[in-house]
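To convert a position in the sequence shown, counted from 1, into this note's numbering, add 238. In this text, a Cβ means the ideal position worked out from N, Cα and C, and glycines have one as well. Reading through the structure tokens given below for one structure.
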Amino acid sequence: MAVLSDGAENRRDSIALAFRDTKITCLEFDDAIHGLRTSSMHCFEGPEWQHLKRGRESFAWGPVIKSDPLGRCGAALIYGLQMAILKAAQVGQSLVGEDEPTRALSSSAVRVESSYLIDLRALETNHVKDFTFVHGYIEPVLVILHEREPTWAGRISSKHHTCMISAFSISMTLKQHPVIWSAANLPHDAYQILSVPPPISGVLVVCANSIHYHSQSTSCSLALNSFSSQPDGRYFL
């Protein structure tokens, strides 16, 4: 579940719910019924999307959905390495049907206008562990925590820092997503990425034995115990 909110006082938040395997539903509060109603539904299942599974019939987890802090879009990780981008409608647009009374979007809730897919394999972003949107950019920026080359217990001594983060600037109009910054040599046991609110911004990467802060201009790390080590093999002080 994710909350779509642009922070405006005259617009309500919307809720985006994700269901197995790739169903996404957006809900908003309706004054007429004093309850929730569906504003849009998105599904990436069926014969036309079968190629995205690459022969697999099941996945370790269902879709994971996150939202931009300013409510400009949402993102859902589906089929392991497919990122669905949910573009929010701009203020002043109307997304009602012909048989519905026209309502200005500025007085209702944030709504999803359209959606499209980004193939993370084509971006060489494999083994995704987590992702989040960050604060402080003109366009939505999606930071993905992923592992370049998986390691395992028997190779920890030679391959320990195998994770990295990549920040993609999402241009929903052009459907382009260039990498604007990245950070490599993160511990293999990194499992979560958190967005830091402004004025600091950036992200926190949470690992089993350390916490790392990264932004476009700076980075630092904090050891949590004696098992933490730097990429060159030295231990944190």
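List the endpoints of the continuous beta strand (DSSP E) containing residue i.
i    : result
T263 : K261 to D268
R275 : G273 to C281
A461 : S457 to A461
H450 : S448 to H452
E362 : Segment: none, E362 is in no beta strand (DSSP E) and carries neither H nor E.
I382 : V379 to E385
K304 : V302 to S305
I408 : No beta strand (DSSP E) contains I408, which DSSP labels as neither H nor E.
V372 : Element bounds for V372: n/a, residue is neither H nor E.
Q288 : Note, Q288: premise wrong, no beta strand (DSSP E); not H, not E.
L412 : Here L412 belongs to no beta strand (DSSP E), and DSSP marks it neither H nor E.
Any idea if residue i is buried or exposed, counting beta-carbon neighbours within 10 angstroms, 16 or more meaning buried?
i    : result
F257 : exposed
Q320 : buried
L412 : exposed
I271 : exposed
F465 : exposed
A446 : exposed
A347 : buried
G330 : With a pLDDT of 44 at G330, under the threshold of 50, the modelled position of this residue cannot be trusted; read the value that follows with caution. Classification for G330: exposed.
D357 : exposed
S305 : buried
A240 : buried
I408 : buried
T383 : Note that residue 383 is Leu in the sequence shown here, rather than Thr. Its Cβ being crowded by 16 or more others within 10 Å, L383 is buried.
I394 : exposed
L460 : exposed
I403 : buried
P437 : exposed
L462 : exposed
P435 : exposed
G312 : buried
G440 : buried
Are the beta-carbon atoms belonging to residue i and residue j less than 8 Å from one another?
i    : j    : result
S477 : V372 : Residue numbering for the chain in the displayed model covers 239 to 475; residue 477 lies beyond these limits and cannot be assessed.
D368 : I431 : yes
R349 : A314 : no
F267 : R250 : yes
S296 : A322 : no
P378 : R310 : yes
C264 : S243 : no
A405 : L324 : no
Y317 : L290 : yes
E385 : H365 : yes
Per DSSP, residue i forms a beta bridge with which residues?
i    : result
F356 : Going by the sequence as given, residue 356 is Ile instead of Phe. For I356, which the question treats as bridged, DSSP gives the partners M321.
R250 : A347
M402 : H384
A313 : K304 and I323
Between the segment 397-407 and the segment 415-429, are three or more C-beta pairs nearer than 8 Å?
Cβ pair count under 8 Å is three or more, so yes.
Between the segment 255-271 and the segment 295-306, can you find at least three pairs of beta-carbon atoms closer than 8 Å?
Contact between the segment 295-306 and the segment 255-271 is present, because at least three Cβ pairs lie under 8 Å.
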